[in-house]
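Notes follow once the structure below has been shown.
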Amino acid sequence: MSDIFTSVVLVTFPSEVQYDNWLTKFKTFYNKKAIEFLSENGQISQRASRVWGDDVIRITIIWTYRDYDAYERCQKFHSQWGKVGGKYIAKASGYRGYEVWSDLDVISQG
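Going by this note's numbering, the residue at position 42 of the sequence shown is 47; the numbering climbs one at a time, nothing skipped.
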């Protein structure tokens, strides 16, 4: 098993207005300075993708960390989202765990 630790959150919005409000706040919160801080503390990547082909407005957010300790360090920043993220209506479900397979492992064995 890899040391890479991943956090995945699925966010569902009731309307485009709520989604737009969230996205504006999200882009402001995760600015260049924030991403540099997170990177220095072990976050490898962060992506938000809109789920396609669904009647409901959903976003999948994936954070990847060097290891669990990096995840813990970065949570000090991520936990501030609730204080500054703004008001919007959404439902979120999150899942976290260690990476068990990666295409990068296959490529590096090549």
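Every residue gets a Cβ at the ideal spot worked out from N, C-alpha and C, and that includes glycine.
Buried versus exposed call for residue i [16 or more other C-beta atoms within 10 Å across all chains shown]
{"i": "residue 40", "result": "exposed"}
{"i": "residue 57", "result": "exposed"}
Proximal residues to residue i (C-beta, below 7 Å), its chain only, five neighbours per side dropped
{"i": "residue 100", "result": "13"}
{"i": "residue 19", "result": "94"}
{"i": "residue 76", "result": "10, 12, 70"}
Residues of its chain near residue i, where Cβ-Cβ distance is below 8 Å and the 5 sequence neighbours each way are ignored
{"i": "residue 11", "result": "67, 68, 69, 70, 101, 102, 103, 104"}
{"i": "residue 74", "result": "47"}
{"i": "residue 97", "result": "14, 15, 16, 17"}
Three-state secondary structure (DSSP) of residue i
{"i": "residue 107", "result": "coil"}
{"i": "residue 7", "result": "coil"}
{"i": "residue 20", "result": "coil"}
{"i": "residue 12", "result": "strand"}
Same chain, Cβ closer than 6 Å to residue i, neighbours up to 5 away in sequence not counted
{"i": "residue 54", "result": "65"}
{"i": "residue 24", "result": "18, 62"}
{"i": "residue 52", "result": "67"}
Handout entry: Cβ contact check for the segment 91-110 and the segment 40-53: 3 or more pairs under 8 Å
Key = Per the Cβ contact rule, the segment 91-110 is not in contact with the segment 40-53 (fewer than 3 Cβ pairs under 8 Å).
Practice task
Would you check if there are 3 or more beta carbon pairs closer than 8 Å linking the segment 80-87 to the segment 13-21?
Solution key: Contact between the segment 80-87 and the segment 13-21 is absent, because fewer than three Cβ pairs lie under 8 Å.
Exercise for the section: Taking only runs that begin and end inside the segment 33-105, name each unbroken beta strand (DSSP E) of 3 or more residues, in chain order. Expected result: Under the rule that a run must span 3 or more residues, the beta strand (DSSP E) segments found entirely inside the segment 33-105 read 48-55, 62-70, 96-103.
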